[in-house]
Amino acid sequence: MRTDIEGVYDWIREPDNAEFFSYGELLEWVENRPISHVLSVKNELKAQAALIAELVGALENAQQYIPIDAVECRGDQCREPWCISCFGEEDAAKAIEDASNHNCEIKKALTKAKGSEQ
Ligand SMILES: [Zn+2]
Numbered sequence: 009m010r011t012d013i014e015g016v017y018d019w020i021r022e023p024d025n026a027e028f029f030s031y032g033e034l035l036e037w038v039e040n041r042p043i044s045h046v047l048s049v050k051n052e053l054k055a056q057a058a059l060i061a062e063l064v065g066a067l068e069n070a071q072q073y074i075p076i077d078a079v080e081c082r083g084d085q086c087r088e089p090w091c092i093s094c095f096g097e098e099d100a101a102k103a104i105e106d107a108s109n110h111n112c113e114i115k116k117a118l119t120k121a122k123g124s125e126q
């Protein structure tokens, strides 16, 4: 149990957590709760941080596949939503606009996620 408690304090002091927590507030929070609860919250936060890191990596990898220009397959039936030959100029332009908006959302989310992970 003692090593569990020391582990919690070491975790609080990790530089990565400096932006998440005010050290004093967190210390007070930890000291007023049963260690089993503190450990469960600590594990939950670590799992969330790992999931965020995984999502950041996946989004960064996926970004390169977001189309930035309409294409023309000229009858090859590619069926890409941004293909002028398959869906016409207007629909292809709309698909590119949607893709650009989604890319902006991804960039914003990545900026937030990276800001909170450091
Ligand atoms: Zn096509």
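My numbering puts the first residue of the sequence shown at 9, with every later residue one more than the last.
Yeah, the Cβ is synthetic: ideal placement off N, Cα and C, and Gly gets one too.
| query | Of the residues Val16, Ile76, Glu105, Thr11, which one's Cα is nearest the Cα of Leu35? | reply | Val16
| said: For a test of the three-state rule: what should DSSP assign to Cys3, helix, strand or coil? | reply: For residue 3 there is no data in the structure shown, the boundaries of the chain being 9 and 126.
| said: Tell me whether Asp84, by its Cβ, gets closer than 8 Å to a heavy atom of ligand 1. | reply: yes
| Which of the three DSSP states, helix, strand or coil, is assigned to Cys91? | strand
| query | Would Ala103 pass as a contact of Trp90 if the rule is Cβ separation under 9 Å? | reply | yes
| said: Between Ser93 and Cys112, how many whole angstroms is the CB-CB distance? I'm expecting something under 8 Å. | reply: Ser93 to Cys112, Cβ: 27 Å. No contact.
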